Structure formats: C-alpha cells, structure tokens
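Colleague: Attaching a single structure in structure tokens format; questions to follow.
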Amino acid sequence: TDLKVTGIDFLKSENCRLHHTDAYNIKNLVVRRGQPFRLQLTLSRELKAADKLALRFGIGENPMKIRGTLFSLNPRREKDLGGWQISIIKNDGKECLLSVTSSPRAPVGKYTLNVKTGTNTYKAENDAVYLLFNPWCEDDDVFLDDEAQRKEYVLNDTGYIYVGSAYSIHSRPWNFGQFEEFVLDACMYLLDNSNLRLTSRRDPVLVSRAMSALVNANDDNGVLLGNWSGNYSNGTSPMDWIGSVLILQKYYKTKQPVSFGQCWVFAGVLTTVMRCLGIPSRCISNFNSAHDTDENLRVDVYLNERGEKLNWMSVDSVWNFHVWNDVWMKREDLPAGFDGWQAIDSTPQEQSQGVFQCGPCPLKAVRDGDVYLPFDSKFVYAEVNADKVYWIVKNVNNEEKFIKISTETQGIGVNISTKAVGEDKREDITTLYKFPEGSREERESMKKALSFIRPSGMVPRAHFASIVPTDNVDSRPGDLREPVPKTGLQLEITHKAALYPGNPLELAITVKTSTPGSWTINLTSSCQLQSYTGKVEASLGYVKETIKLEGTSETQVPLTIAADTYMKVLASAEDELLILVTAIAEVQETKEKLTKETTMSFAYPPITVQMPETAKLNEDFTCDFIFKNKLNVSLDNCKLLVEGLGIFKMAAFDEGDVEPGKILKSKIICTPTRLGEKKMVAKLTSTQVKGISAEKAITI
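The numbering of the sequence shown is the UniProt record's numbering, which starts it at 1 and goes up by one.
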C-alpha cells in the first residue's frame with residue numbers, strides 16, 4: 001500500500017528547551033538555526049528501505065529550491081545543498097523519529113513544512129516552524145561565546161535604560177518582553193514588511209539595519225512614531241511607556257504606527273526585536289550626545305549676554321543623553337577585525353541611504369577612527385567625539401556680532417552606559433567607543449577620522465545666515481586641547497540642597513584662580529529648564545557679578561530660583577525637564593574667557609513596591625504600591641502604570657491628586673503564569689512630575 005503520513009509531533013517541549021526557546025508564548029515550534037531538532041512522524045505503515053520520503057521546509061509566498069527558499073530533505077540521500085541535514089534516529093512500526101539540522105546560514109523566519117511520500121503530500125496545517133538566529137552555534141554569525149552574556153543579551157526580558165545627565169545618571173526599568181504573546185509574530189511581520197529579499201534574511205547585518213529602519217515609522221509604516229514636540233494629546237506620551245510589549249502588540253494588531261516614542265522607547269523596542277530574533281543586543285546610553293547634522297565634528301552653542309542658551313540659532317544640538325543599541329555579530333562584509341559589537345539606532349535623526357536607519361557600525365571603527373566603514377560610522381563617531389564651541393551673540397549697533405568664547409573638546413560622549421551582565425547595575429563601556437581623552441591612541445584615532453571628515457573652519461553656523469560678522473574666528477586647532485588659562489581659572493557649578501520640585505533651586509557657582517596676581521573676573525551665570533534633547537523651555541534667572549581674587553583663592557556666587565518661577569513651566573510641559581546652568585567668566589586683565597555648563601535632574605520622593613519574595617505558579621499573591629508625597633506641591637492627575645512579565649499584565653490606574661504629605665496606596669492581585677525570577681515594574685506620572693519608577697523582583 002501507499003505510504004502516507006498521518007501526523008507530525010513537533011516534540012515542542014523537548015526541542016524548545018534545548019534551543020533556549022521554551023519561554024516564547026506561542027503554540028508553534030520555535031528553533032534556532034544550525035542546531036538539531038527532532039520530529040516524530042506517524043505513518044500509515046512501517047517505513048521500508050525502498051520508500052520515498054522527503055521533508056520540505058519552505059519560506060515565503062512561493063518557496064523554490066533555485067531561490068534558496070525551499071529545502072528538501074531526504075534521509076536516504078546526501079545532505080541538502082543548502083547545508084541542511086536530516087537523519088532517521090529510530091524507525092519503529094508506524095512511528096519514525098527524525099533529526100533535522102538547519103543550516104547555520106539559513107534565512108530566519110516562518111517555515112512551512114510538508115512531507116512527501118511517493119505521490120502523497122502531508123501538509124502540517126497551522127504548524128509553521130519559526131527559525132531564529134543562534135548565538136549558541138559556533139557557525140552562526142551571531143555566535144556569542146559566553147553563557148552569562150547570552151543569558152543577558154538574548155534571554156533577559158527585563159533591564160534598565162540609563163537616562164538623566166552625565167553626572168546624575170538614573171536607571172529607568174524597562175520590560176523588553178521578547179517572549180510575550182504576539183511579539184514574535186510582530187517581528188515576523190516586520191521581516192515580511194522589510195525590503196529584504198528572503199535570502200538576505202540569513203545575514204544579521206542586513207536584518208539589524210532593516211529593523212533599525214522599521215522600528216521608527218518615518219518612511220515605512222514602522223512601529224513607532226517619534227514626537228519631540230511636547231504635545232502628545234493624540235497618543236501616549238513617551239514618558240508613559242514602561243516596556244515594549246504593549247507597543248509591539250498594538251502595532252501587530254492594528255498594523256499602524258503607535259504614538260509616540262522618543263529615543264529610549266525606540267531603543268527599548270529595537271532591543272526587544274533583536275533579542276526576539278536571536279541577535280544579542282543591549283541598550284546604550286551616551287551622555288552629552290552630539291547630533292551633528294553636517295558631520296563636521298562640531299556643535300555650536302549660542303549664548304546671549306546673560307549666558308542664556310539661544311535655541312533658535314543652533315542647527316546642531318547636544319542631547320543630555322541619547323539611547324541606541326549595540327548588536328553582536330561577525331562582519332563578513334568588512335576587512336578582518338571588525339566583528340563583535342555594532343551600533344544600530346532606530347531613533348529617526350538623519351537619513352542614511354535615503355531612509356531613517358542607522359548602522360550596524362562596528363564599535364572598533366568608531367574607536368579607531370575608521371569612519372569610512374559602513375554603516376553610518378561618521379554619524380556615530382560625531383555623537384561621541386564632536387567638539388562644542390561656545391559663542392556669545394552681542395548686539396553692536398543693531399548688528400549681531402558673534403564672539404567665540406571657548407571650545408570644549410572633552411565634554412561630548414561621556415559615561416557611555418549599559419546594564420551590567422547578570423547584575424542590576426550600570427556598566428560603563430566608554431572605552432569600547434573611544435580611547436581615554438588625551439591619550440596617544442585617541443590623538444591618532446582623531447587624526448585618522450579627520451582625514452575622512454572635512455571639518456569646516458571656525459565660522460559659526462546658524463539658521464539664518466551663512467556669513468556673519470565675527471570676532472576671534474580661527475580654524476580648528478591641530479592638537480584639539482583646551483588652553484590652560486594663565487590665571488588657572490576654574491568654574492564649578494553645584495547645588496546646596498536636593499532639587500525637589502516645589503522648593504527653591506539653591507545653586508552656586510564657585511570661581512577659582514590658582515596663579516599669583518590680582519584678578520578681576522566678570523561672571524555671568526544663568527539657569528534654564530530644557531528637555532533632554534537640549535531644547536530650552538524656559539529661562540528662570542541669571543546673575544552678573546564682578547569678583548576680585550588674589551593668587552590661589554576661590555569665591556562662591558549664589559544663584560537661587562524661587563519655586564513659583566519654574567513650577568508653572570514644569571506643570572505645563574509634557575516632557576521631563578532638566579535644570580541647565582551656564583556660567584561664563586572673563587578675566588579683565590588677560591581677556592581670558594571660560595564657559596562651564598552643567599545639567600541637573602530634579603529629585604523625587606520614592607515609590608515603594610511591597611510583595612512577597614517568592615510565590616507559587618498559578619497561586620495568587622498581592623502587591624502594594626506606596627507613595628508619600630514629601631514635596632511642597634500637590635501632584636495632580638496621578639497615574640500608576642504597572643507591569644510584571646509573567647505575573648501581571650500592563651495596567652494603568654488613575655489615582656487623582658495627591659496633596660503634600662498625603663500617602664497614595666494601591667493594591668493589585670497577581671497570578672504568576674511562568675516560573676523563575678520575575679520583576680514588577682511601576683511608574684507614577686503626574687502633571688508636575690513626569691515619572692517616578694520603581695521595581696521589585698520575585699521568584700516564582
């Protein structure tokens with residue numbers, strides 16, 4: 001009689017455990033390429049030596065062998081040309097156990113399977129097999145030879161994104177949730193919607209570049225719409241997300257871009273997509289990140305005579321922080337030596353090859369100054385290496401005059417941060433992106449980079465004119481080092497008390513000299529509120545003083561801002577604002593000028609999460625959130641956002657207004673659906689304070 005297949009068992013629990021895919025919340029078989037998995041066929045009779053049997057794995061609409069999208073595997077024959085292998089492990093009566101190994105270079109995606117026996121074909125209905133990249137397989141381009149790193153960068157579904165400012169860095173908990181329902185399907189939908197040919201899906205370089213374009217919606221109906229306008233009324237404020245899951249689920253359901261994202265949201269979602277597809281990935285926060293629109297390695301900052309930053313003049317900007325991603329892979333497309341971490345960025349800043357996409361760019365190329373290497377290494381190089389040039393704009397006889405005050409060569413690209421492997425703490429990875437400031441290697445790398453980047457002469461670039469009258473215009477100094485002032489002049493900006501909203505901001509500027517002589521110093525200092533992209537939202541006050549110092553001495557000049565000067569701005573802004581203090585000092589005797597700029601974050605009272613340390617699968621437990629408003633101001637329209645992967649689905653609770661001294665208490669009941677260590681993430685938002693985050697771990 002004819003041999004027929006009557007059933008296929010995908011042996012899901014055994015295969016998924018061995019392939020590190022058992023966490024995916026999906027009924028299908030999910031396996032990684034280049035690694036064997038088993039299938040059990042049920043046949044109409046015993047398989048004999050003369051019987052014909054072929055398993056056909058196909059990807060895409062119309063799988064064909066010639067296109068490299070159909071793989072026909074016959075256990076009796078030589079291995080398939082595409083590098084796939086099959087063998088019979090056990091042939092017992094009507095049961096036949098097979099082992100299948102896909103090629104470590106196979107295209108990733110959803111495969112259909114049908115089994116041919118002679119003239120009969122058995123189709124496995126609704127049983128697509130999902131094939132992913134494999135960091136555990138030595139022959140895969142994404143192979144990562146460190147189990148702790150694979151656990152962190154592929155399997156960890158929670159983490160932190162670092163925000164704030166260079167010298168007051170905060171961790172923002174983020175739920176990546178790459179294993180949650182519909183997330184894998186959303187990633188498959190993105191692959192189908194990318195312009196990648198099916199065979200290009202074998203290459204993590206092309207896949208990660210395509211995903212950096214698709215996570216933003218700027219030119220391809222991608223996942224997230226960016227919005228930095230401060231108005232989020234027809235969507236979700238970027239501050240109100242605590243993870244990627246809801247975003248990707250909503251996108252998959254509606255097939256429309258989700259509103260709204262800013263850089264940390266784009267980076268969080270791109271990490272989820274990369275980890276979900278099996279490419280090791282992490283979020284990277286670069287503090288004082290230069291957005292250098294014309295790649296001249298220079299960002300011009302314009303100040304008025306009070307020392308206040310003028311927004312409208314600058315073409316380029318320095319962001320307090322910018323978040324992108326590193327992904328781990330071999331670069332077969334480049335000369336040897338550029339494997340390993342690559343930067344990719346899905347925040348829509350600049351177009352690359354006509355599309356809002358960025359990377360992958362080897363970190364080694366950035367560090368060594370090899371900025372001619374693809375992709376987008378000049379842009380990434382500038383983000384961590386640009387110089388900052390300060391100009392004062394003076395009105396002389398109704399004409400605007402630009403006076404260069406100082407060049408800062410070491411302030412950009414500092415404290416580059418990511419979550420440490422296996423620990424809930426920050427790791428500084430600045431040395432992967434740049435050599436130590438002032439070292440010989442750094443100078444050589446800069447020299448090499450400058451041979452590929454044409455820095456313009458020192459003429460200020462502003463929105464309204466290409467040629468403007470200037471004093472003190474010079475070309476870029478060769479050694480890129482700050483001149484040490486003859487007077488040993490130094491400026492320090494500090495705050496005397498914690499910067500709680502509703503309290504006066506008590507700031508101080510310390511002026512120091514350290515060489516013999518009598519010095520007369522004109523000090524101008526201003527305080528402004530700005531968003532993290534460096535956009536000034538309000539000028540709050542300034543101080544102008546003339547100080548006399550002798551030899552080695554110092555003096556402190558206070559700058560105090562009353563609460564009612566800034567509270568209205570805080571409440572009316574929809575973004576989280578930072579405090580920007582700028583100081584300019586000029587020594588009358590030597591005409592030396594020095595500029596110092598510091599950004600500070602507001603401090604907030606904490607939110608506490610109370611729940612047991614352990615709980616049992618499918619058994620309810622309660623979790624309490626407690627917040628005491630220790631501020632002098634009422635927090636209006638409080639909203640509590642809560643999500644715990646595997647223990648509690650994302651929910652938002654309206655908590656009304658919380659007066660000073662009042663306590664907010666909220667209780668939820670959780671039912672754990674998965675084993676292992678899980679995290680509860682909470683965020684409190686209000687009109688005055690945009691986000692207070694907290695988290696707590698529990699073992700199920």
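For glycine and all other residues, C-beta sits at the position ideal for the given N, C-alpha and C.
No experiment lies behind these values; they were computed from the predicted model shown.
#1: Out of S244, R32, N126, K630, state which residue places its alpha-carbon closest to the alpha-carbon of A106.
#2: Is DSSP giving G7 helix, strand or coil here?
#3: For I89, which residues in the same chain have their Cβ closer than 8 angstroms to its Cβ, ignoring the five residues on either side in sequence?
#4: Just the Cα atoms here: how many angstroms apart are S103 and T533?
#5: So for T112, helix, strand or coil by DSSP?
#6: By how many angstroms is the C-alpha of D387 removed from the C-alpha of T513?
#7: Name the one or two DSSP bridge partners that L225 has.
#8: Would you mind giving the Cβ-Cβ distance between L529 and L577, rounded to the nearest angstrom? I have them listed as a contact below 8 angstroms.
#9: Just to confirm before moving on: does the CB-CB distance between K110 and M211 stay below 7 angstroms?
#10: Find the nearest neighbour of L155 within the set D141, Y381, E138, N175, judged by alpha-carbon distance.
#11: Going by the beta-carbon positions, is the gap between Y433 and R367 smaller than 7 angstroms?
#12: Which same chain residues end up closer than 7 angstroms to T590 when comparing Cβ atoms and leaving out the 5 residues on each side of it in sequence?
#13: On the DSSP letters alone, give me the boundaries of the beta strand (DSSP E) that C137 sits inside.
#14: With DSSP as the reference, identify every bridge partner of A420, one or two as the case may be.
#15: When the Cα atoms are used, what is the spatial distance from Q490 to F287?
#16: Do K535 and N227 have their CB atoms nearer than 7 angstroms?
#17: Using C-beta distances below 7 angstroms, list every residue in its chain close to F179, excluding the 5 sequence neighbours before and after it, in chain order.
#18: In the DSSP assignment, find the unbroken beta strand (DSSP E) run with F653 in it and report its ends.
#19: Does DSSP put C358 in a helix, a strand or coil?
#20: Would the stretch 236–253 and the stretch 632–645 be scored as touching if the rule is three or more Cβ pairs under 8 angstroms?
#21: Using DSSP with H/G/I as helix, E/B as strand and the rest coil, what is A615?
#22: Would you report the Cα separation of R476 and N296, rounded to the nearest angstrom?
#23: Assuming S526 contacts G307 (C-beta within less than 8 angstroms), just tell me the rounded distance between them.
#24: Helix, strand or coil for S141 per DSSP?
#25: Per the contact definition of three or more C-beta pairs closer than 8 angstroms, is the stretch 552–568 in contact with the stretch 596–612?
#26: Just confirm the distance between the C-beta atoms of A290 and A365, as a whole number of angstroms; I'd bet it's less than 8 angstroms.
#27: Less than 7 angstroms between the beta carbons of S208 and V327, yes or no?
#28: If you reduce the DSSP assignment to three classes, tell me which class D368 lands in.
#29: Within the chosen definition, does the stretch 218–227 reach the stretch 265–276 through at least 3 CB pairs nearer than 8 angstroms?
#30: Using only CA atoms, which one of W391, A573, P501, K496 lies nearest to G230?
#31: Just to confirm the assignment: which complete alpha helix (DSSP H) runs, minimum length 4, are found wholly within the UniProt domain "Transglutaminase-like" (255–348)?
#32: Are the beta-carbon atoms belonging to V323 and C283 less than 7 angstroms from one another?
#33: Please state whether the Cβ-Cβ distance between F435 and E427 is less than 7 angstroms.
#34: Let's test the definition: count the other Cβ atoms within 10 Å of the Cβ of L675 and tell me whether it reaches 16, buried, or not, exposed.
#35: So, helix, strand or coil for M567, using DSSP?
#36: Closer than 8 angstroms is the cut-off here; do at least three beta carbon pairs connect the stretch 124–139 with the stretch 252–262?
Modeller: Short version:
#1: The sequence position of residue 106 within the sequence shown is 106, counting from 1. The shortest C-alpha separation from A106 is found at R32.
#2: For the purposes of this step, residue 7 is taken as residue 7 along the sequence shown, with counting starting at 1. The answer is strand: DSSP assigns G7 an E or B state.
#3: Position 89 of the sequence shown, counting from 1, holds the residue named residue 89. Answer for I89: R38, L97, L98, S99, listed in chain order.
#4: Counting from 1 along the sequence shown, the entry for residue 103 is found at position 103. Counting from 1 along the sequence shown, the entry for residue 533 is found at position 533. Those two C-alpha atoms are separated by around 45 angstroms.
#5: In the sequence shown, the residue the question calls residue 112 occupies position 112. In the structure shown, T112 sits in a strand (DSSP, three-state: E or B).
#6: The residue given as residue 513 occupies position 513 in the sequence shown. The residue given as residue 387 occupies position 387 in the sequence shown. Between T513 and D387, the C-alpha separation is close to 25 angstroms.
#7: Along the sequence shown, read from residue 1 onward, the residue named residue 225 stands at position 225. Answer by DSSP bridge pairing, in chain order: S259.
#8: Walking along the sequence shown from the start, residue 529 turns up at place 529. Walking along the sequence shown from the start, residue 577 turns up at place 577. That belief holds up - the Cβ atoms of L529 and L577 are roughly 4 angstroms apart, short of 8 angstroms.
#9: Residue numbering aside, residue 110 sits at position 110 when the sequence shown is read from its first letter. Residue numbering aside, residue 211 sits at position 211 when the sequence shown is read from its first letter. Contact flag unset, no.
#10: Numbered from 1 along the sequence shown, position 155 holds the residue referred to as residue 155. Nearest Cα to L155 within the set D141, Y381, E138, N175: N175.
#11: Here residue 433 corresponds to residue number 433 of the sequence shown, with the count starting at 1. Here residue 367 corresponds to residue number 367 of the sequence shown, with the count starting at 1. Yes, Cβ-Cβ distance for Y433 and R367 is below 7 angstroms.
#12: For the purposes of this step, residue 590 is taken as residue 590 along the sequence shown, with counting starting at 1. Once the five neighbours on either side are set aside, the close Cβ partners of T590 are K486, T487.
#13: Translated into the one-based positions of the sequence shown, residue 137 becomes position 137. Secondary structure note for C137: it is in no beta strand (DSSP E), with a DSSP letter that is neither H nor E.
#14: For the purposes of this step, residue 420 is taken as residue 420 along the sequence shown, with counting starting at 1. Partner(s): none; A420 has no beta bridge.
#15: Taking the first residue of the sequence shown as position 1, residue 490 is located at position 490. Taking the first residue of the sequence shown as position 1, residue 287 is located at position 287. Cα-Cα distance, rounded: 22 angstroms.
#16: What you label residue 535 is simply residue 535 of the sequence shown in a count that begins at 1. What you label residue 227 is simply residue 227 of the sequence shown in a count that begins at 1. Taking 7 angstroms as the Cβ cut-off, K535 and N227 do not qualify as a contacting pair.
#17: Numbered from its first residue, the sequence shown carries residue 179 at position 179. By the criterion of a C-beta distance shorter than 7 angstroms, F179 is surrounded in its chain by A23, Y24, N25, D157, once the five residues flanking it on both sides are discounted.
#18: To locate residue 653, count along the sequence shown from 1; it is residue 653. DSSP places F653 inside the beta strand (DSSP E), whose first and last residues are 648–658.
#19: As a working note, residue 358 is residue 358 in the sequence shown. Look at C358 here: in three-state DSSP terms it is coil, with no helix or strand label.
#20: Between the stretch 236–253 and the stretch 632–645, the count of C-beta pairs closer than 8 angstroms reaches three or more; the two stretches touch.
#21: For the purposes of this step, residue 615 is taken as residue 615 along the sequence shown, with counting starting at 1. In this structure, A615 counts as coil in the three-state DSSP scheme.
#22: Here residue 476 corresponds to residue number 476 of the sequence shown, with the count starting at 1. Here residue 296 corresponds to residue number 296 of the sequence shown, with the count starting at 1. Confidence at R476 is low in this model, with a pLDDT of 33, below 50, so the placement of that residue is unreliable and no value is reported for it.
#23: Counted from its first residue, the sequence shown places residue 526 at position 526. Counted from its first residue, the sequence shown places residue 307 at position 307. The Cβ separation is near 4 angstroms, so the contact holds.
#24: Counted from its first residue, the sequence shown places residue 141 at position 141. A small fix is needed here, since residue 141 is Asp in this sequence, not Ser. Secondary structure at D141: coil, using DSSP grouped into helix, strand and coil.
#25: Segments in contact, no.
#26: What you label residue 290 is simply residue 290 of the sequence shown in a count that begins at 1. What you label residue 365 is simply residue 365 of the sequence shown in a count that begins at 1. Incorrect: roughly 17 angstroms between the Cβ atoms, too far for contact.
#27: Mapped onto the sequence shown, residue 208 falls at position 208. Mapped onto the sequence shown, residue 327 falls at position 327. For S208 and V327, yes; Cβs fall inside 7 angstroms.
#28: Position 368 of the sequence shown holds residue 368. Reduced to three states, the DSSP call for D368 is helix.
#29: Because the criterion of three Cβ pairs below 8 angstroms is met, the stretch 218–227 and the stretch 265–276 touch.
#30: Position 230 of the sequence shown, counted from the first residue, corresponds to residue 230. Nearest C-alpha to G230: A573.
#31: You should have 263–277.
#32: Looking up residue 323 in the sequence shown gives position 323. Looking up residue 283 in the sequence shown gives position 283. In this structure, V323 places its C-beta atom within 7 angstroms of the C-beta atom of C283.
#33: The sequence position of residue 435 within the sequence shown is 435, counting from 1. The sequence position of residue 427 within the sequence shown is 427, counting from 1. Cβ distance not < 7 angstroms, so F435 and E427 don't count as in contact.
#34: Translated into positions along the sequence shown, residue 675 becomes position 675. When all chains shown are included, L675 counts as exposed.
#35: Mapped onto the sequence shown, residue 567 falls at position 567. Of the three classes helix, strand and coil, the one that applies to M567 here is helix, per DSSP.
#36: Segments in contact, no.
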